[in-house]
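If you read the sequence shown in the numbering used here, its first letter stands for residue 35, the second for the next number, and so on.
Here's the structure, in structure tokens; my notes come after.
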Amino acid sequence: MTPEDKLCVKALGPEKPDIHIEQSAKDRGKGYTRRFARTWFDKMEWLTASSSKNALFCFPCLLFGGEVSWTRTGVTDLKHLAEKIKRHDSSESHLTNVLKLSLFGKSNIALQLNEAYRKGVIKHNEEVDKNRYILSKLIDCVKFCGAFELALRGHDETEESLNPGVFRGLVDYVSSIDSAIEAHLKSATVFKGTSKTIQNELLDCMLEVTKETIV
Numbered sequence: 035m036t037p038e039d040k041l042c043v044k045a046l047g048p049e050k051p052d053i054h055i056e057q058s059a060k061d062r063g064k065g066y067t068r069r070f071a072r073t074w075f076d077k078m079e080w081l082t083a084s085s086s087k088n089a090l091f092c093f094p095c096l097l098f099g100g101e102v103s104w105t106r107t108g109v110t111d112l113k114h115l116a117e118k119i120k121r122h123d124s125s126e127s128h129l130t131n132v133l134k135l136s137l138f139g140k141s142n143i144a145l146q147l148n149e150a151y152r153k154g155v156i157k158h159n160e161e162v163d164k165n166r167y168i169l170s171k172l173i174d175c176v177k178f179c180g181a182f183e184l185a186l187r188g189h190d191e192t193e194e195s196l197n198p199g200v201f202r203g204l205v206d207y208v209s210s211i212d213s214a215i216e217a218h219l220k221s222a223t224v225f226k227g228t229s230k231t232i233q234n235e236l237l238d239c240m241l242e243v244t245k246e247t248i249v
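Shown next as structure tokens:
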């Protein structure tokens, strides 16, 4: 039985069909018949039965293995039924299986949470990689301006300006040939990389890196 099958069986719960287990007996010469009482199903949640075998079984032990009488052959001895049930109910294997049944399936929830966490980490890392790529292109633009001693800022750096300055013009050009930069400039609400503040921060960072390299 696959784990998926076990989960389905667990969801259905133990079957409690109408079975007719009878045993003839004598007491002081008088004959009588013992019959299985359905009240046992109410007393023991783990108790189940097979109508085809007309016998009693243990639901948790059927799923996870246990005593042969409670998992394969079935119990039909009504004379000693109370004793057998009491002994099985307190057995180590049965208690272990009851615990397994209780926890079974909950580990899948943990796996789902782990999977969600893993996907979250992957998405975060992808976002970090994308931001690093964007930043590297902006730094390249700053380095280009520095190499040719071009002023970063123009007189009018608004979106509608026809002369926004070399840096802004260079960034716009890069965005026209790089879809990632273009998408960033269109969607970014906080960090676009074209503001004076960002330009100054990039210059400061580049200066610090250069100093560390020289030292």
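Glycine is no exception: its CB is placed at the ideal position from the N, C-alpha and C atoms.
These numbers come from a predicted model, not from an experiment.
Residue i in three-state terms, based on DSSP
i	result
Thr67	strand
Thr36	coil
Asp6	Residue 6 is absent from the structure shown; the chain starts at 35 and stops at 249.
Phe182	coil
Glu216	helix
Leu204	helix
Glu56	strand
Gly154	helix
Glu49	coil
Arg187	coil
Same chain only: Cβ atoms within 8 angstroms of residue i, ignoring 5 sequence neighbours per side
i	result
Gly47	Phe93
Asn131	Cys92, Pro94, Cys95, Leu97, Phe98, Gly99, Gly100
Ser210	Glu216
Minimum C-alpha distance to residue i - residue among the options
i	options	result
Ile55	Gly63, Glu79, Leu90	Leu90
Arg250	Leu219, Arg187, Lys113	The displayed coordinates of the chain run from 35 to 249. Any statement about residue 250 would go beyond what the structure contains.
Lys40	Leu96, Gly63, Ser85	Leu96
Cys179	Val205, His158, Leu169	Val205
Pro37	Ala116, Val243, Lys140, Val155	Lys140
Phe70	Leu219, Gln57, Gly63, Lys64	Gln57
Asp212	Ala150, Lys164, Val43	Lys164
Thr107	Ser127, Asn88, His122	Asn88
Glu161	Lys64, Thr231, Ala214, Asn234	Ala214
Leu129	Asn159, Asn234, Lys220, Glu79	Glu79
Thr231	Ser221, Leu186, Lys220	Leu186
Val43	Asn234, Ser125, Phe138	Phe138
Ala116	Arg202, Lys77, Gly63	Lys77
Own chain residues within Cβ distance below 6 angstroms of residue i, not counting five before or after
i	result
Glu49	Thr82
Leu135	Pro94
Phe75	Lys50, Leu81
Leu184	Val200
Contact set for residue i: own chain, Cβ-Cβ below 7 angstroms, skip 5 residues either direction
i	result
Tyr66	Ala59
Gly99	Thr105
Gly154	none
Beta-carbon proximity check, residue i vs residue j, cutoff 7 angstroms
i	j	result
Ile53	Ser103	no
Val176	Leu241	no
Lys157	Val208	no
Lys118	Val109	yes
His218	Ile168	yes
Any non-hydrogen atom of the ligand MG within 6 angstroms of residue i CB
i	result
Gly180	The ligand content of the structure shown is nil, which means the ligand MG is not present either.
Problem - Ranges of the beta strand (DSSP E) found wholly within the stretch 68 to 125, counting only runs of at least 3 - result: Positions of the beta strand (DSSP E) runs, each at least 3 residues long and wholly inside the stretch 68 to 125, are given as 81 to 84, 89 to 92 in order along the chain.
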